[in-house]
Amino acid sequence: MDPYAPIAGISLERYAELGADITGVTDKEEIARIVEAKGVARADWDAAVTGWTARMQDMSLMGQVATAYMPLYQAALARKQASSGQAKPTVTFEEYVGMAGAAAAIGYEGMLGYYKIDGATWTLLAGDWNAKIPTSPQYMSYGMLVEQESARIRAGGMPRPVQIGGGAPQQQAQPQQQAQPPQGYGAPQQQPAQPQPYAQQGYGAPQPPQPQQAWGQNPYAQPSPDQAFLNQAGHAANAFAGAAAAGFGALGQAFNSAVMSPGSRVMVTWSDGNRYPGTVAQLASGQVYVTMSDGRQLWVPQHLVSVV
Numbered sequence: 011m012d013p014y015a016p017i018a019g020i021s022l023e024r025y026a027e028l029g030a031d032i033t034g035v036t037d038k039e040e041i042a043r044i045v046e047a048k049g050v051a052r053a054d055w056d057a058a059v060t061g062w063t064a065r066m067q068d069m070s071l072m073g074q075v076a077t078a079y080m081p082l083y084q085a086a087l088a089r090k091q092a093s094s095g096q097a098k099p100t101v102t103f104e105e106y107v108g109m110a111g112a113a114a115a116i117g118y119e120g121m122l123g124y125y126k127i128d129g130a131t132w133t134l135l136a137g138d139w140n141a142k143i144p145t146s147p148q149y150m151s152y153g154m155l156v157e158q159e160s161a162r163i164r165a166g167g168m169p170r171p172v173q174i175g176g177g178a179p180q181q182q183a184q185p186q187q188q189a190q191p192p193q194g195y196g197a198p199q200q201q202p203a204q205p206q207p208y209a210q211q212g213y214g215a216p217q218p219p220q221p222q223q224a225w226g227q228n229p230y231a232q233p234s235p236d237q238a239f240l241n242q243a244g245h246a247a248n249a250f251a252g253a254a255a256a257g258f259g260a261l262g263q264a265f266n267s268a269v270m271s272p273g274s275r276v277m278v279t280w281s282d283g284n285r286y287p288g289t290v291a292q293l294a295s296g297q298v299y300v301t302m303s304d305g306r307q308l309w310v311p312q313h314l315v316s317v318v
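The numbering used here applies: residue 11 is where the sequence shown begins, and numbers increase by one.
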């Protein structure tokens, strides 16, 4: 079977376009009205959501469909902004480091809230920089800089000021006495409603995976490498059972830095047994700091990451 064959008449490109159209919409009936206005019957949309989600999660496809979807979705978002008279949002490398560091320190939702942007804006910003960073030596310190920035914020520092260019919907970030930490590292946080390249239950375009008790339960409430070790030790009996069954080694598996390095394209194995694509940003203390295809970043135990 061709993994890119249309589902219910909806190609992957069309699915990305529709995903951009429903960005920010959470009501099931409103989503149905939007896709129907685009000439897609509700039943066909439901079938497309189910089918494309399954293909993105299919381990035998090695994340190829999810990887192909993300740039299509990013391009569709950019076209949607352009059609509304908004320019594509941009930030400098230093500003992107600051935002990524904030996401690592106070969580993805915390970062969006602090900078007063939506998930679609972050998707576009991250898509641009995730394409640039692996291609130039001048960005090779990215992972280290993000780690330093997140540590500074965790120590009580304020997130770095950012001026987003283009037409991003942004309000002035509100000053505060100090950055607020996430709800305890690993505490569940609400995930954004906009389409993402990974699947979760719900109506609409695919969403990021919800790991079952893996790495402190929420991959987007970022622990430091040391905290990640504590989390992984506490959940070793059950959180990594799926990975062990899939043939991955023990926690102390040797790390081959000659094969995996910043910029390497990798597949990350979640505790649900599925594998999702990302790019290595940093290596430290038996952990890999991975930028997922939707721009989110997380520390992952090294034995759950493999080069593609």
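Think of the CB as a built atom: it goes at the ideal place given N, C-alpha and C, for glycine as much as any other residue.
Please report the distance separating the alpha-carbon of Pro-229 from that of Ile-116. Residue placement at Pro-229 cannot be trusted, given a pLDDT of 36 that sits under 50; the coordinates are not used to answer.
I'd like the span of the beta strand (DSSP E) that includes Tyr-299, first residue to last. Residues 297-302.
Output needed for Gly-153: all residues of its chain with C-beta closer than 7 Å, excluding positions within five of it in sequence on either side, in chain order. Pro-272, Ala-291, Gln-292 and Tyr-299
Locate the alpha helix (DSSP H) running through Thr-102, then write down its first and last residues. Bounds of any alpha helix (DSSP H) do not take in Thr-102, whose DSSP letter is neither H nor E.
Reduced DSSP secondary structure (H/G/I, E/B, other) of Val-172: coil
Closest by CA to Met-150, which one among Asn-284, Phe-103 and Gly-29? Closest by C-alpha distance to Met-150, out of Asn-284, Phe-103 and Gly-29, is Phe-103.
Measure the alpha-carbon distance for Ala-76 versus Thr-36 and round it to whole angstroms. 21 Å
What is the C-beta distance between Thr-133 and Leu-87, in whole angstroms, given that I count them as a contact (C-beta under 8 Å)? Separation of the CB atoms of Thr-133 and Leu-87 is rounded to 6 Å, and the pair is thereby assigned contact status at 8 Å.
Can you look up Thr-60 in the DSSP assignment and give me helix, strand or coil? helix
Whole-angstrom Cβ separation of Val-276 and Ser-316, contact assumed at under 8 Å? 6 Å
Of the residues Gly-19, Trp-309 and Ala-78, which one's Cα is nearest the Cα of Trp-280? Trp-309
Inspect the CB distances between the stretch 43-62 and the stretch 13-27 and report whether three or more fall short of 8 Å. yes
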